[in-house]
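Be aware that the sequence shown starts at 12, since it is given in our numbering, and climbs by one per residue. Ideal placement from N, C-alpha and C gives every residue a C-beta, glycine not left out. Before any comments, here is the structure.
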Amino acid sequence: MAHNPLVSIVVPAHNAEVTLPRALDCLVDQEIVDWEAIVVDDVSTDATAAIIAGYVEHDARFRTLSASAYSAAGARNSGISTARGRWLMFLDADDWVDAGFLAKMLAALEAAPDAVTAYCGSRRVMPDGELTPSSIPTEVAIQPFETFARRCPIRTHALLVDRKTIVELGGFDVSLRTCGDWDLWQRLARLGKRWVMVDESLAFYRTSPNSLTRNSTQMLADAEIVIARGFSPDPRVKKPALAHANGAIETNGRTASEALAWFALWNAASDCGSGRRSISPQTLRALPAGRKWAREIAKVAFDGLMVGSLSVPAQLAARWDRFGGSLTELITELGKVWDDPVAGRRVQYHLEEMLLDFDDLAAPRRLARTLGIRIDIRNPTSIELPEGIDQIYAFLTMDGQIEAVVQFGVLGKVTRRHWIELARDFVPPQRLIHSAARLARRPPVHAPQQGAGADKSNMFAAEALLSIAGHRSDPDSHFGKLAQLAEEARELVRSSAEPAESPAAPRRARVRHDKDRTSFWNGYFATEDPWNYGSPYEQEKYQRQLEILPAGPIKRALELACAEGHFTRQLAPRVGHLTATDISAIAVERARARCGDQPNIEFGVLDFSADTLPGEMDLIFCSEVLYYLDDLAELRRIAKKFAEALAPGGSFISAHAFVLRDNVERTGFDWNTFGAQAISETLAATESLVLEQSIQTELYRIDRFRRLSPDDVATEPMIDYVPIRAPVGIGVARNIVWGGARALRRDVARSERRQRIPVLMYHSVADDGPAALTRFRLTPAAFASQMAWLRANGFHAIGSEQLERFIASRQPFVGRPVLITFDDGFQNFADHAWPTLRANDLTAEVFLVTDLVGESAQWDADSGPPTPLMDVGTVRRLSAEGAFFGSHLATHRAIDGLSSSDLAAELLRSRMFIERWTSRPTTAFAAPFSATDRRLGRLAKECGYRIGFGGRHGPADLDCDPIDLPRIEIRGDRSLDDFVAKVEAVLGER
């Protein structure tokens, strides 16, 4: 009985005398010996048959067949019909595999007994023997059928497949001149069985000028058939998986027409590489034009270009003259097909960046929009900008060694000074020092190795280089052109209809509580009505203090800390004679003026802590002031004075707020002092004072104590719990932590230092909006819950400039800072987010689209009705209230598709308008759509920015580049628990 080998390898060969020995030798070299090779001679007229005969003669594992198929598919089917192995491999006569191919593929199949096939990665081999990078499509192992319905990412000989299954599927379709392997793998995948991946490139695929893969017309015609089969039932597959019986799923635009367009793009790029143009740009219409696809489109074009030009990546830029014109024309036409030239330019930038990333720049590479060049930073020379170029990709070298790779947008000639500035920014300081010394013809100064000294040495070296370079300005230079754009932006701002805003008056700083209490309080009353006494909240509190007055006539009353007399005026009609006092003479004079028509009031300046109090009082009022005493010992001392100043039976009324320091678990004010609970307990413990009545709300309590007469007996106090009905103004609300706190800001500021902080990114806060934008929209209730959590957990908000200062100084962040950012500048920020932020004593930085301020978010129009944007008046109001504003550029176009000139103009114009509206420097920007490229950071700094937020995700730390800071997106379709987990993850990384 004949032995059946483990693997059968089918090798079709037609006039393959040059390459066949290499293919067959790779089989002889296999570490696994249990195989047979069926070499099918398909009407060869050269020495192919003789070569096959030689291998058959020396190795019994080789067998030969003669066929007249005139196609690889037919020859393979002939081989399949005589194969005996459990597994099949198809090896073309011009390809080969690694010596470990069979061993590794069989090991993978043995470890996955339910798999129908194993596959590996591959590399192309160009005619000059150069290899392309590895290609290993991981998606095949995850979704084999959905992948093969759309494309064929696996080489024919990169699989080991079950023979019986291939026989049941009918083998290769001989009606297809190309794409036959794709068609068979698609049928195989439709069965729904497992594909296992070997994560190595073990297959080598020879690319030649005569390869069928370079016949784009035939390839596209056959691919259209295969893709159509993939999106419909295939009667050739008798037992398809239920999920695949009717074909691939068309989701998220992944249609058959789009799949064909991707394949057409590859062939069109291949045609450009080979000097042909047989693919109409109209076949590319179904390609997605969205910015997130630009790099993928460039990658597919790059791959096709390699095959068409028979070049490995490192050779492409040097061969640009052969295909660059037709390739650029193709991309331009693609932009026209999309009716979006910016999208086409974005693809061009990505593609040129890929080409230069592989190049050694042995000579200047002039592409369509990018100039690749080497610059010797010991002797840099000015570079005139060729027409159409607006980006430089440069190696900065010294002594033939690459010191830095820089890529930057450029508007005009790159001067010697410009190159030196680049060297200062990117080359290690020690190298710069030696360069500066050499240019100045003096010995180098040795730089300190670390710390501040190293930073100084970098600065000194740069100054030396710059002094040698000189400072002559050139209107045709990059910076000359930038200056022209800046002047144009200034003129546009000057001529705008919006008048400039007068600088806001500086906020009055809270006076420090030092030993001179009189100066402290006079400082408070330097501005009239410092506590908004007329607010509904304060007036409701006054009314409740009057309600708690004792029954019966009150002959003599004393008001301590009367302030400006607002409550004094309401109390006076309720008593016979009122002595109203305050430590501040300024406050007393205002109170006297306010109550001048009430003859029963006597005013005086009195420090109730230090001065003697009038005695025999029937009533003493002392509210909202005892927090300011030094400590509880002083409070106990003064409580005795209060009791002694009362006549027997007299009443003492105190109104004070609850403070978290007394009880962190209940709602209270986040002040660094004791509050109503401690005050009430201290008064209740004072000899001869007893609590008679208390009115308590969630925020404050009003207590009436009575001085007992010798024969009095204390009774149970009457406690009334009442709601607060008046609105709580922002000045009050910002100090409240509702429901209690889990951490206090002052405590964490003393105990916590950290290396990183969360920078939160929001967009919209609204209850309703397009379903497609749910991710970017939080409800007001959800946003309020998040801000309340931050407040209750001791977070304080900072601005981007503060973040930059921490990074620059390398000083750890103090406490629990958070930077809250909002992109776009929607009106719902002002309506919903800003009041919530202020109520939680937080602020935010809003990035505005300046050309559209006061209009709507037209960039979202495809998703539903555009959301209104804040107008200039709203921006000014919020800026005066403490909100920060930065640039989201001028038009909300993604920057990676803008020309360098347009990008610079938007950066300048946007910054200048925001500075006009807010009367503050604008130093921060956020890239629209979080889309960036390598030009943005440097060009933004040249346009006056210091802080930037791009597409990076995660917390910001002290090692971040301030011009490319990461953020954490807060999604509207996530829970509060998800928000908490994200923020706590940063807290845990000190």
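Task: N-terminal and C-terminal residue of the alpha helix (DSSP H) that Gln495 is part of - done: Element bounds for Gln495: 489 to 505.
Task: Ranges of the beta strand (DSSP E) found wholly within the segment 366 to 435, counting only runs of at least 3 - done: DSSP runs (the beta strand (DSSP E)) wholly in the segment 366 to 435: 381 to 387, 402 to 409, 412 to 420.
Open item on the list: Going by DSSP, what residue range makes up the alpha helix (DSSP H) through Ser820?
Closed with: Note, Ser820: alpha helix (DSSP H), 811 to 820.
TODO: Identify whether Ser92 lies in helix, strand or coil by the three-state DSSP scheme.
DONE: Assignment of Ser92 by DSSP, reduced to helix, strand and coil, places it in the helix class.
Task: Distance, Asn611 Cα to Ile565 Cα - done: Cα to Cα, Ile565 sits roughly 12 Å from Asn611.
Open item on the list: Between Glu892, Ala799, Leu947, Ser222, which has its C-alpha nearest Asp907's C-alpha?
Closed with: The option with the nearest alpha carbon to Asp907 is Leu947.
Open item on the list: Taking DSSP's pairing of strands, which residues face Glu613 in a bridge?
Closed with: Paired residue(s): Thr590.
TODO: Using only alpha-carbon positions, find the residue among Ser79, Ala500, Leu755 that is nearest to Ala53.
DONE: It is worth fixing the name first, because residue 53 is Asp in this sequence and not Ala. Per the Cα distances, Ser79.
- [ ] For Leu195, I'd like the list of residues in its chain whose CB is within less than 8 Å of its CB, leaving aside the five on either flank, ordered along the chain.
- [x] Taking Leu195 as the centre and dropping the five residues before and after it, the same chain places the C-beta of Ile177, Leu180, Gly182, Phe183, Asp184 closer than 8 Å to its C-beta, in chain order.
Task: Backbone secondary structure at Trp196 - three-state DSSP - done: Taken through DSSP and simplified to helix, strand or coil, Trp196 comes out as helix.
Task: Exposed unless 16 or more other CB atoms sit within 10 angstroms - verdict on Pro459 - done: Note that Pro459 scores 35 on pLDDT, short of 50, meaning its location in the model is unreliable; the coordinates nonetheless yield the value given after this. Classification of Pro459: exposed, given that the 10 Å Cβ count is below 16.
Open item on the list: Please return the same chain residues whose Cβ sits closer than 6 Å to the Cβ of Leu120, not counting the five positions on each side in sequence.
Closed with: For Leu120, the CB contacts under 6 Å within the same chain, skipping 5 residues up- and downstream, are Ala126, Ala129 in chain order.
Open item on the list: For Gly563 and Arg717, what's the separation of their Cα atoms in angstroms?
Closed with: Straight-line Cα distance between these residues: approximately 14 Å.
- [ ] Please name the residue in Ala354, Ala379, Asp105, Leu433 whose C-alpha comes closest to that of Arg393.
- [x] What sits at residue 393 in the sequence shown is Ser, not Arg. Of Ala354, Ala379, Asp105, Leu433, the residue nearest in Cα terms is Leu433.
TODO: Apply the 10 Å Cβ neighbour rule to Gln197 and answer buried if 16 or more other Cβ atoms are within range, or exposed otherwise.
DONE: By the 10 Å Cβ count, Gln197 comes out buried.
Open item on the list: Classify Asn683: buried if its beta carbon has 16 or more other beta carbons within 10 angstroms, exposed otherwise.
Closed with: With a 10 Å radius around the Cβ and a threshold of 16 neighbouring Cβ atoms, Asn683 comes out exposed.
TODO: Give a yes or no on contact between the segment 369 to 379 and the segment 393 to 408, applying the rule of three or more CB pairs nearer than 8 Å.
DONE: Three or more beta-carbon pairs drawn from the segment 369 to 379 and the segment 393 to 408 are found closer than 8 Å, and the two stretches are therefore classed as touching.
- [ ] Could you check what DSSP says for Glu703 in three-state terms: helix, strand or coil?
- [x] The three-state secondary structure of Glu703, taken from DSSP, is strand.
Task: Exposure of Ile431, with buried meaning 16 or more beta-carbon neighbours within 10 Å - done: By the neighbour-count rule (16 or more Cβ atoms within 10 Å), Ile431 is buried.
Task: DSSP beta-bridge partners of Glu47 - done: In the DSSP output, where bridge partners are listed per residue, Glu47 has Ser19.
Open item on the list: Distance check for Thr708 and Val733, CA to CA, integer angstroms please.
Closed with: When only Cα atoms are considered, Val733 and Thr708 end up about 5 Å apart.
Open item on the list: Using 8 Å as the threshold, is the C-beta distance between Arg302 and Ala937 below it?
Closed with: No, the pair does not count as a contact, with Cβ atoms beyond the cut-off.
Open item on the list: Give me, in chain order, the residues of the same chain whose beta-carbon lies closer than 7 Å to that of Phe940; leave out the 5 immediate sequence neighbours on both sides.
Closed with: Residues of the same chain with a CB within less than 7 Å of the CB of Phe940, apart from the 5 flanking positions on each side, are Arg302, Ala905 in chain order.
Open item on the list: So Ala598 and Ala574 are supposed to be a Cβ contact under 8 Å. How far apart are they, rounded?
Closed with: Between Ala574 and Ala598 the Cβ distance is about 5 Å, and since that is below 8 Å, they are a contact.
Task: Where the alpha helix (DSSP H) through Pro828 begins and ends - done: No alpha helix (DSSP H) holds Pro828; the beta strand (DSSP E) holding it covers 827 to 835.
TODO: Within the same chain, show all residues whose beta-carbon is closer than 8 Å to that of Arg963, passing over the 5 residues directly before and after it, in chain order.
DONE: Same-chain partners within the cutoff: Asp975, Leu976, Pro977, Arg978.
- [ ] Look up Leu171 in the DSSP assignment and say whether it is helix, strand or coil.
- [x] Here Leu171 sits in strand by DSSP.
Open item on the list: According to DSSP, is Glu676 part of a helix, a strand, or is it coil?
Closed with: The answer is coil: DSSP assigns Glu676 none of H, G, I, E or B.
Open item on the list: Taking the beta strand (DSSP E) that Cys606 belongs to, which residues open and close that run?
Closed with: It is not in any beta strand (DSSP E) - Cys606 carries neither H nor E in the DSSP assignment.
- [ ] May I ask you to report which of helix, strand or coil DSSP gives Gly1046?
- [x] Outside the displayed range of the chain (12 to 1001) lies residue 1046, so it cannot be described from this structure.
TODO: Select from Ser699, Thr861, Ser634, Phe685 the residue whose C-alpha is nearest the C-alpha of His667.
DONE: Of all alpha-carbon atoms in Ser699, Thr861, Ser634, Phe685, the one lying nearest the alpha-carbon of His667 is that of Ser634.
Open item on the list: If I follow the unbroken beta strand (DSSP E) through Gly962, where does it start and stop?
Closed with: Its beta strand (DSSP E) spans residues 958 to 964.
- [ ] Hey, could you find the ends of the beta strand (DSSP E) Ala935 is sitting in?
- [x] Boundaries of the beta strand (DSSP E) harbouring Ala935: 935 to 937, taken from the DSSP string.
Task: Rounded separation between Ala650 and Asn804 - CA only - done: The straight-line gap from Cα to Cα measures roughly 34 Å.
Open item on the list: I'd like to know if the segment 303 to 323 and the segment 258 to 268 are in contact, where contact means that at least 3 CB-CB pairs between them fall below 8 Å.
Closed with: Result no; under three Cβ-Cβ pairs closer than 8 Å.
Task: Burial state of Ile153 (16 or more Cβ within 10 Å) - done: By the neighbour-count criterion, in which a residue is buried when 16 or more other Cβ atoms sit within 10 angstroms of its Cβ, Ile153 is exposed.
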